[in-house]
Amino acid sequence: MRRLWSCAMVCTLMIIGCTKKYYPGNTPFSIYRPIAEDDVRKLEKGASTTETVIRLFGEPERNNISNLGERFVYGYLGDTLTVLFDNNSILSSFIYRPAFFEPVEGYTDNNRKKINTRKIEKIQVYNTTRYDLEKWFGKASKKEQNSNRIRYTFYRKNGTLVVYVLNNFEERVLNYHFTPS
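Position one of the sequence shown corresponds to residue 90 (this note's numbering), numbered consecutively onward.
Right under this line is the structure:
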């Protein structure tokens, strides 16, 4: 019995040692790029070209061509951007629809604390989880969610940290930014 248990333990350790490290390239959300609102504001009707749009947002997920021109469609976890071009490949119109986040909860007890900026440098996209964030920064001041993402906002004495995570059981960090006060 002891020998069987020891053999099972060795096999388990070998399996754990040989498992692949989490690789975000194998996940669907790594295919898409976030749509930055600052980049959307750079679009100019009648001036921007298809090359400009591709430089800002990458290749479109969908591309339709009609007698009126070409249409690029971009999407990222609830955000959508539709860009229409005329027959000369000049931007004729666009519409950006950011995802709507519903407030879920808030926690103000940590607002008077400071964020340790060295811990911000420890955040790794796709590898850091919400649980790591709570260990480092305490509970978030504000939690908002939509069907694809959760946005955690940490208001602190020395600045604001906004973190987007996947809305699933893992809650892995998708992106973040810190604004010093």
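The C-beta atom is built at its ideal place from N, Cα and C for all residues, glycine as well.
As the structure is a prediction and not an experimental result, all values here were calculated from the model.
Checking contacts by CB at 8 Å: is residue i closer than that to chain B?
{"i": "Lys-131", "result": "Here chain B cannot be found, since the structure has a single protein chain."}
Locate the beta strand (DSSP E) running through residue i, then write down its first and last residues.
{"i": "Val-193", "result": "191-195"}
{"i": "Arg-151", "result": "151-155"}
{"i": "Arg-160", "result": "158-165"}
{"i": "Val-214", "result": "Looking at the DSSP string, Val-214 is not in any beta strand (DSSP E), and its letter there is neither H nor E."}
{"i": "Leu-173", "result": "168-174"}
Mind checking who residue i pairs with in its DSSP beta bridge?
{"i": "Leu-255", "result": "Arg-238"}
{"i": "Tyr-138", "result": "Note on identity: in this sequence residue 138 is Thr, with Tyr being the wrong assignment. In the DSSP output, where bridge partners are listed per residue, Thr-138 has Ile-179."}
{"i": "Glu-233", "result": "Pro-192, Arg-240"}
{"i": "Thr-198", "result": "The residue asked about is misnamed: residue 198 is Asp in this sequence, not Thr. Answer by DSSP bridge pairing: none, since Asp-198 is not bridged."}
{"i": "Thr-249", "result": "Tyr-244, Thr-268"}
{"i": "Ile-184", "result": "Thr-171"}
{"i": "Arg-91", "result": "In DSSP, Arg-91 forms no bridge with anything."}
{"i": "Arg-261", "result": "Thr-218"}
From the options, pick the residue whose C-alpha is nearest to that of residue i; which is it?
{"i": "Asn-271", "options": "Thr-268, Thr-141, Asp-175, Glu-233", "result": "Nothing about residue 271 can be read from this structure; the chain reaches only from 90 to 270."}
{"i": "Asn-156", "options": "Asn-176, Ile-204, Gly-195, Lys-202", "result": "Asn-176"}
{"i": "Thr-242", "options": "Phe-146, Phe-267, Ala-188, Ala-136", "result": "Phe-267"}
{"i": "Lys-246", "options": "Thr-218, Asn-264, Arg-238, Arg-201", "result": "Arg-201"}
{"i": "Thr-217", "options": "Glu-126, Tyr-265, Pro-269", "result": "Tyr-265"}
{"i": "Glu-159", "options": "Phe-146, Tyr-165, Leu-170, Leu-180", "result": "Leu-180"}
{"i": "Arg-130", "options": "Pro-192, Gly-164, Ser-182", "result": "Ser-182"}
{"i": "Phe-190", "options": "Leu-222, Phe-146, Leu-166", "result": "Leu-166"}
{"i": "Ser-137", "options": "Asn-153, Phe-174, Asp-127", "result": "Phe-174"}
{"i": "Ile-154", "options": "Gly-147, Arg-238, Thr-139", "result": "Thr-139"}
{"i": "Leu-170", "options": "Glu-260, Ile-239, Asp-127", "result": "Asp-127"}
{"i": "Ala-125", "options": "Phe-146, Arg-219, Lys-134", "result": "Phe-146"}
Under the assumption that residue i contacts residue j (Cβ atoms under 8 Å), give the Cβ distance between them as a whole number of angstroms.
{"i": "Arg-151", "j": "Val-142", "result": "13 Å between Cβ atoms; not a contact."}
{"i": "Val-252", "j": "Val-262", "result": "6 Å"}
{"i": "Asp-168", "j": "Arg-186", "result": "7 Å"}
{"i": "Ser-270", "j": "Gly-248", "result": "5 Å"}
{"i": "Arg-77", "j": "Val-193", "result": "Past the boundaries of the shown model lies residue 77; the chain is included only from 90 to 270, so the question cannot be answered."}
Looking at the secondary structure, which residues open and close the alpha helix (DSSP H) in which residue i lies?
{"i": "Leu-222", "result": "219-226"}
{"i": "Glu-126", "result": "126-129"}
Validate contact between the stretch 202-209 and the stretch 219-227 using beta carbons, cut 8 Å, 3 pairs: Between the stretch 202-209 and the stretch 219-227 there are three or more C-beta pairs closer than 8 Å, enough to call the two in contact.
Measuring CB atoms only, is the stretch 208-218 touching the stretch 186-199, in the sense that at least three cross pairs come out at less than 8 Å? Short answer: they don't touch.
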